[in-house]
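S.K.: There's a structure below that I have some questions on.
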Amino acid sequence: MSQRPARRFAPFGLGLVALAPSLTLIGWAFVERPPAASLAEPPLLVAGASGLLAALGLGLLRRRRARPRPPAVPAVATASPAPDARCARCETLTAMLRAANEAIILCATNGRIEIFNPAAEMLFGCLAEEVVGQHFDSLVDHSPDDSTPLALALLAAEVDGHAVHEAQARRHGDRPFPARLRLHRLDAGRHRRVLIFAEDLAMHEQQEGQAAYLRRHDLLTGLLNRREFERRVEAALRDPAGRRQPRALCHLDVDQFKIINSTCGHAAGDRLLQQLALLIENRLGEKTSLARIGGDEFAAFFSGRDGDEVLAICEELQQTVRNFLFTWCDQSFDVAVSIGLIAFTADEETASSALSKADIACHTAKHNGRDRLHVYSDGDAELIRHHGDMHMVSAITRALSDGRFRLVAQPIVALQGETPEPPHYEILVRMLDETGQVVIPGRFIPAAERYILMPAVDRWVIHRILSTQADNLRAWHARYPDRFLFAINLSGTSLGDEGFLSYLKRQFADWAVPFASICFEITETAAVRSLERARALMEELAGLGVRFALDDFGTGLSSYGYLRDLPVSLLKIDGAFVRGLSDDPVNRAMVESINQIGHVLGLQTIAEWAEDGAAIEALRALGVDYAQGYGVGAALPVDGFQIRFPTTASDVQSASSR
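Quick note: the sequence shown uses this note's numbering, first residue 55, plus one each step.
Spelled out as structure tokens, the structure:
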């Protein structure tokens, strides 16, 4: 879950643009519809919400200018003093337009500018106070035979309510630039308005090129991403001209990568991956399609080369990697890769099946001792199944019966507000192997989920927390009845378990634990596996006081839809966006947009992986509500855990770091 300077954009954020139509519904829900006697403003508010939410996606590729500005005053002319509700809605519209990253101008039907948002100031190079009250024609140049934007707007108002116009716009102190103006009629009772969305066409084309690049490439290394790699392999296999050509695909996995990541930190791991990507790319050459397909995994596709030739190339590549010495902060590490190889023709495999078999061959190479190369054979799948997942399944079962699971509590600290607020905690589970060594969740949880062992693990965690922390939970609830103390992760299989709800209720009753003292964290993927059953369970528990957080938010483009469908009250911003926040403008824009949408929906936000003071200060400046990570405080053993109620800010700090 984590540069060449030109490749620092986050591809996942671009999908927000496509969500604008569904997000507009959020605008409807957010703005209360006024009585029938006062229908002047709702269309303006809905348009404002739509502009804001659609702009959040486009704004990821555009940096806002940071400087103080006088407040923009919407001059909705000719109206007598408005009631309080109408003034509040006007202020809401103005605030939403000011927050939008797209240039938006509100005009009266006579062409006079009434609202000119900060993004429009940046685009046209002039301040709102310089143009409010002026005619919109002052911002564009017209040829003698060209229709004016105002005329188009009036025509749109009379015919179908919208129009698109391209013109040469004027940027103060600079040359004219090509602009596209999208005009929308706003019917607001007696007060008809025209909402204009303006964009620089040259910048738009550049952004579209960047977006296309980002959809195809990995952010960290600049190599192809998995989706584009599979698309190119599939296209090559479907090409009739090369259908009989020999093909080969290899899967590379960096050996002992987690040692470097754990010893030196994620920054060292990222640097190693970047250097290996360059090394492999230079060794294989331009004719080979190379991609980063996972955390420390790469894949290469060879076309027109037989298996023996590719085998020799991969052996030489392994030797090249062995000769590479990775250095970080006066520490040096030998590096090696395990390689799985499959040779085939287009008639034998698809892109997906070839990649899957190369992955199996790579696992076999690791099982045989690492730093090995293995060519796929049909017997490998059974070997991996037996020595991989099934080994872990038996280890999990024995750990449950032997009591070798441990719980730790990672503090989550408030970033906003003057009054000290005590930290609450996310409960994390660890497993000990038979020698007492810690097995990280990334190793045992996938196998537990695949073989339906997670309900047993989840029930063990819940019983352990409620039985050992009942006194703490009751004391916390008496002091803070509207806040939870512990957040517990729930798996998708538990959400879909018919008997899980009754088990939860029985545990809360047996240990007399207040429902409001617990929050359950779920991922979108876990919820959608059994959406109706998950929604029913969540709604019933929420009615009793339990809170829910949507974990790893931002990694799925459909997340916004489930925000409306599920009773969640907190968003956890995925740590992949938070890492490098202080010096990565794209990650910063992504965190800012998720935080804004969460607040529009009345949800609190929690940023994961806040690993240093710079990240915490950046999150605080963006208005994120809470943070967790090593920069906030280390995880504490749950055994012997005692809460202390702070009275000062220094007490809060010591509570999160003790």
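Glycine included, C-beta positions come from ideal geometry on N, C-alpha and C. From a predicted model like this one, the values you see are computed outputs, not experimental measurements.
Looking only at its chain, what residues have a beta carbon closer than 6 angstroms to the beta carbon of Y430, apart from the 5 residues adjacent to it on each side?
M.R.: I396, K411, A415
S.K.: Using the beta-carbon count (16 or more within 10 Å), is P509 buried or exposed?
M.R.: buried
S.K.: Spatial neighbours of G361 within its chain, please: C-beta separation below 8 angstroms, excluding the five flanking residues on both sides.
M.R.: P300, A302, L395, A397, V429, listed in sequence order.
S.K.: Thinking just about the alpha-carbon of each residue, which of M176, V185, L181, G179 is nearest to the one in E168?
M.R.: V185
S.K.: Using beta-carbon positions only, say whether V686 and V645 come within less than 8 angstroms of one another.
M.R.: no
S.K.: For L379, which option in T404, I314, E594 has the closest C-alpha, if you only look at C-alpha atoms?
M.R.: Nearest option by C-alpha distance: I314.
S.K.: In this structure, does DSSP put I347 in helix, strand or coil?
M.R.: In the structure shown, I347 sits in coil (DSSP, three-state: anything other than H, G, I, E or B).
S.K.: Tell me which residue opens and which closes the beta strand (DSSP E) that L326 is part of.
M.R.: L326 -> not in any beta strand (DSSP E); alpha helix (DSSP H) instead, spanning 320–338.
S.K.: Just to check my reading of the structure: A689 and V467 have Cβ atoms closer than 8 angstroms, yes? What is that Cβ distance to the nearest angstrom?
M.R.: Wrong, their Cβ atoms sit about 13 angstroms apart, outside the cutoff.
S.K.: Along the alpha helix (DSSP H) that carries K559, what are the first and last residues, could you check?
M.R.: Segment 554–564, the alpha helix (DSSP H) holding K559.
S.K.: Below 8 angstroms between beta carbons: does that hold for I250 and L237?
M.R.: yes
S.K.: If you measure between the beta carbons of R346 and A390, is that distance less than 8 angstroms?
M.R.: no
S.K.: Considering only the alpha carbon of each residue, which of T146, R285, L673, L527 lies closest to R537?
M.R.: L527
S.K.: My assumption, with CB atoms under 8 angstroms, is that W530 sits in contact with S571. Please give the rounded CB distance.
M.R.: Taking C-beta atoms under 8 angstroms as the contact rule, W530 and S571 qualify, at a distance of about 6 angstroms.
S.K.: By the DSSP assignment, the beta strand (DSSP E) with L237 in it spans what residues?
M.R.: Counting along the chain, the beta strand (DSSP E) containing L237 begins and ends at 231–240.
S.K.: Determine the burial state of I367: buried for a count of at least 16 other Cβ atoms within 10 Å of its Cβ, exposed for fewer.
M.R.: buried
S.K.: Please report the distance separating the alpha-carbon of E575 from that of A353.
M.R.: Straight through space, the alpha carbons of A353 and E575 are spaced by roughly 34 angstroms.
S.K.: Give a yes or no on whether the C-beta atoms belonging to E262 and A233 are separated by under 8 angstroms.
M.R.: no
S.K.: Taking 7 angstroms as the limit between beta carbons, can you name the residues of its chain near R298, skipping five residues before and five after?
M.R.: T399
S.K.: For the beta strand (DSSP E) that contains F602, what are its first and last residues?
M.R.: 601–607
S.K.: Name the residue from I670, V692, G546, G553 whose alpha carbon lies nearest to the alpha carbon of L520.
M.R.: V692
S.K.: Checking 8 angstroms against the spacing of the C-beta atoms, do A173 and E156 come in under that value?
M.R.: yes
S.K.: For the putative contact between K626 and F607, defined by C-beta atoms under 8 angstroms, what is the C-beta separation to the nearest angstrom?
M.R.: 6 angstroms
S.K.: For D388, report the span of its beta strand (DSSP E) as first-last.
M.R.: 385–388
S.K.: Once the 5 residues before and after I719 are set aside, which same chain residues still bring their CB inside 6 angstroms of it?
M.R.: Since the displayed the chain opens at 55 and closes at 712, residue 719 lies outside it and no answer follows.
S.K.: On the CB-based measure, 16 or more other CB atoms within 10 Å of its CB, does C180 come out buried or exposed?
M.R.: buried
S.K.: Using DSSP bridges, identify the partner residues of I519.
M.R.: Its beta-bridge partners do not exist; DSSP assigns none.
S.K.: Since I believe A668 is in contact with S623 (beta carbons under 8 angstroms), could you give me their beta-carbon distance rounded to a whole number of angstroms?
M.R.: So it is not a contact: roughly 29 angstroms between Cβ atoms.
S.K.: Leaving out five residues on either side along the sequence, give the residues of the same chain with a beta carbon under 7 angstroms from the beta carbon of G348.
M.R.: none
S.K.: Taking L326 and T374 to be in contact with their CB atoms under 8 angstroms, please state how far apart those CB atoms are, rounded to whole angstroms.
M.R.: Contact doesn't hold; Cβ gap of about 15 angstroms is too wide.
S.K.: Would you report the Cα separation of R518 and L454, rounded to the nearest angstrom?
M.R.: For R518 and L454, the distance between alpha carbons rounds to 12 angstroms.
S.K.: Please say whether S343 and L278 have beta carbons closer to each other than 8 angstroms?
M.R.: yes
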